[in-house]
Amino acid sequence: MSAVKLSEQRCPSCNAPLQVGAADATVTCRYCGNSISIQRQKGRVAPPVTTFGSPGHVPSTVLYIPTAATVGASVLPALIPLVIVIVVALVGAISALGRRFVSLPVTCRPNETITISGKKYDGKETPIVAGVNCKITIKDSTLTSTEPIVKGGINLELRIVNSKLTSKATALDLSATNAKVWISDKSEVHGDEAGLHGENNVELEVKDSTVSGGQDGLSFGSNAKVSLVSATIKGKEHGIHSTSGAKITSKGSTITSDEAGVVLESSGGSFDARSTTIKSGDVGLSLEHSADVKLAEKSSIASTKGDAVSCKGSTSKLQIEDTKIEGHEAGLRLGGNSELRLRKGAQVKGDALGITADYNLKLTVDGATVESAGPAVQGKTGAEVRVTAGSQVKGSPAFTFASNPSRFDVAEGTTTGEKQLDGRSAAQPTRPSDMSAMRSVLDASSAQVRSCKDAKGGALQVRIEVAASGKVTSATAVSSTVSKAVESCALAKVRALTFPARSGTTTIQMGYTL
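According to the numbering used here, the stretch in the sequence shown is residues 2 to 515, in order.
Structure follows, in structure tokens:
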């Protein structure tokens with residue numbers, strides 16, 4: 002015989018526990034003694050029981066027990082908040098995992114993660130717009146647009162894997178701050194304006210991939226951190242351009258530009274390259290202010306029109322080892338207070354000048370080679386020079402300084418050419434006959450320079466340095482109101498001039514009206 006199944010209820014008279022069997026019609030309460038009538042009615046919920054003796058209490062002797070359907074109906078309101086919590090949790094989990102099945106264009110909402118895989122897009126809109134704290138992965142995709150491919154957002158994390166992105170504007174327009182970008186696995190990113198432009202605090206890694214731009218390959222505001230590994234960076238105006246504080250490391254990479262390979266405008270930047278090649282027209286590596294430079298492991302920097310390396314500011318530090326530096330004008334052009342260490346395997350060559358520096362140059366040549374058809378090493382005042390055995394300095398002359406260096410420690414057999422250490426390299430008085438011959442060359446140059454003019458016109462003041470051989474070793478714009486293209490053309494014309502040979506070097510300032 003099976004046991005009777007009891008359910009615990011509450012006495013409607015005194016609220017005491019009351020055991021009710023499944024078939025009971027009446028039950029006597031053991032506490033108040035009342036006989037309680039049991040009524041089971043579908044859809045009827047028992048009225049609230051008031052405590053015995055409480056105000057308004059009227060003892061009841063009827064107990065209503067709802068059926069299972071009624072119980073479900075009464076429990077449903079309690080379940081609704083729980084369902085809402087579960088749904089919210091699921092939405093959060095989905096947001097954290099990210100959207101994988103997206104159509105383009107798409108907007109990545111704040112704090113969202115999205116993955117774009119195997120997509121093709123060719124349109125006139127920005128295919129991906131990023132909000133704050135977005136995490137975006139583009140994989141195995143080909144995206145083309147007249148607008149930027151990716152635009153936005155603060156604290157963006159962007160990964161581009163084995164994808165091709167092409168834009169008529171800037172491909173990756175990261176105008177907000179603190180973006181982190183990884184480009185890898187033979188990806189190609191091209192913008193007719195720039196491949197990538199980022200503002201402050203951008204962190205970028207390019208690995209086994211190419212980034213190119215019609216103007217700049219990579220363009221940054223302040224404090225960029227850039228890592229290039231087996232990367233190719235191309236830009237018509239600049240391969241890489243940063244306004245201030247950029248830290249750039251490169252290994253096994255190539256940077257090319259028609260004008261400037263790498264430009265670090267303000268102070269505090271650094272460039273550390275291993276097995277890296279920079280090829281450019283006007284200048285390979287340009288440091289507008291102080292910076293730290295390390296070149297090693299068969300790196301090379303070449304300029305076909307100007308200086309290979311130009312440090313316009315002061316207090317730059319350069320350490321070059323197992324690297325080839327070659328410029329059409331100067332191999333290395335340094336500002337004041339520069340420190341240059343050329344170590345084993347370093348080769349510096351300039352068609353007009355090997356190394357030219359402002360005041361207080363500190364130069365160490367240790368197992369390296371410096372060579373030029375003009376002066377190999379040219380400086381002003383306060384220079385300190387040390388050349389160890391096994392090095393080679395070849396030029397006409399080998400050394401020329403405006404005043405005697407404070408230190409000149411050069412090992413025997415390391416130089417080919419004169420050592421002009423007593424100021425003979427300074428500008429010399431020009432004899433009337435020499436001046437007449439030079440004036441003829443300058444007059445002829447006016448017509449050549451005017452061939453560069455455009456509709457804008459303007460004026461250009463040029464400082465010209467002429468070696469004893471008559472070759473122009475330097476031509477720089479002192480002031481200019483002409484366009485950049487005209488200035489570049491005019492300076493090229495001046496650099497091609499040849500003056501009559503004379504003793505010492507000559508400095509000329511010439512004005513041109515275009």
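Just so you know, even glycine gets a beta-carbon here, dropped at the ideal spot from N, CA and C. Source: prediction; values computed, not measured.
- Under the DSSP assignment, Arg160 falls in the beta strand (DSSP E) whose first and last residues are Glu158 to Val162.
- Under the three-state reduction of DSSP output, Leu333 falls in the strand class.
- A residue is called buried once 16 or more other Cβ atoms fall within 10 Å of its Cβ, and Arg440, having fewer, is exposed.
- When the beta-carbon positions are compared, Leu157 and Lys120 stay at least 9 Å from each other.
- Nearest C-alpha to Leu354 among Asn338, Val386, Ala309 and Ala347: Ala309.
- Sequence-distant partners of Asp193 (beyond 5 residues in either direction) whose C-beta falls short of 6 Å from its own C-beta, in its chain, are Lys169 and Gly215.
- The beta carbon of Gly253 is closer than 6 Å to those of Ser231 and Ser276 in its chain, skipping five residues each way along the sequence.
- Residue state for Ser311 is assigned as strand, using DSSP reduced to three classes.
- Comparing C-alpha distances from Asp123 to each of Thr147, Ser300 and Thr257 shows the shortest one belongs to Thr147.
- Residue state for Asp444 is assigned as helix, using DSSP reduced to three classes.
- For Ala232, the secondary structure class from DSSP, reduced to helix, strand or coil, is coil.
- In the structure shown, Glu488 falls within a helical segment according to DSSP collapsed to helix, strand and coil.
- Just measuring C-alpha positions, the residue of Gly196, Gly380 and Ser397 sitting nearest Phe409 is Gly380.
- For Lys295, the uninterrupted beta strand (DSSP E) segment begins and ends at Ala292 to Ala297.
- Across the structure, Glu238 and Gly285 are spaced so that their CA atoms are roughly 11 Å apart.
- The beta carbon of Pro106 lies closer than 6 Å to those of Glu126 and Pro128 in the same chain, with the five residues before and after it left out.
- The beta-carbon separation of Asp352 and His329, rounded to 5 Å, stays under the 8 Å limit for a contact.
- CA-CA distance, Gly314 to Thr108, rounds to 44 Å.
- Less than 9 Å divides the Cβ of Asp217 from the Cβ of Gly236.
- Counting along the chain, Cys109 sits inside the beta strand (DSSP E) bounded by residues Val107 to Cys109.
- Distances from the alpha-carbon of Thr382 to those of Leu461, Leu422 and Ser36 put Leu422 closest.
- Assigned with DSSP and collapsed to three states, Ser339 falls in coil, not helix or strand.
- Of the other Cβ atoms in all chains shown, fewer than 16 fall within 10 Å of the Cβ of Ser36; this residue is therefore exposed.
- Annotation for Glu9: the continuous beta strand (DSSP E) segment containing it runs Leu7 to Arg11.
- When Lys363, Phe221, Leu175 and Thr305 are compared, the shortest CA-CA separation from Ala384 is found for Lys363.
- The beta strand (DSSP E) runs of length 3 or more contained entirely in the stretch 121-146 are, from start to end of the chain, 121-124, 129-131, 136-140 and 143-146.
- When only Cα atoms are considered, Val349 and Ile241 end up about 23 Å apart.
- Comparing C-alpha distances from Glu322 to each of Leu335, Ala369 and Ala468 shows the shortest one belongs to Ala369.
- Counting every other CB atom within 10 Å of its CB across the protein chains shown gives Arg31 a total below 16, marking it as exposed.
- Taking a cut-off of 8 Å on C-beta distances, the stretch 456-473 does not touch the stretch 254-271, as fewer than three cross pairs fall below it.
- When only Cα atoms are considered, Asp283 and Thr506 end up about 24 Å apart.
- Leaving aside the five residues that flank Gly199 on each side, the residues in its chain whose CB is nearer than 6 Å to its CB run, in chain order, Leu175, Ala180 and Phe221.
- If only uninterrupted alpha helix (DSSP H) runs of at least 4 residues are considered, none is enclosed by the stretch 256-284.
- If you compare the alpha carbons of His191, Lys280, Ser8 and Ser38 with that of Ser14, the shortest gap goes to Ser38.
- The straight-line gap separating the alpha-carbon atoms of Leu461 and Ala493 is approximately 13 Å.
- Taking C-beta atoms as the reference points, Leu205 and Thr171 fail to come closer than 9 Å.
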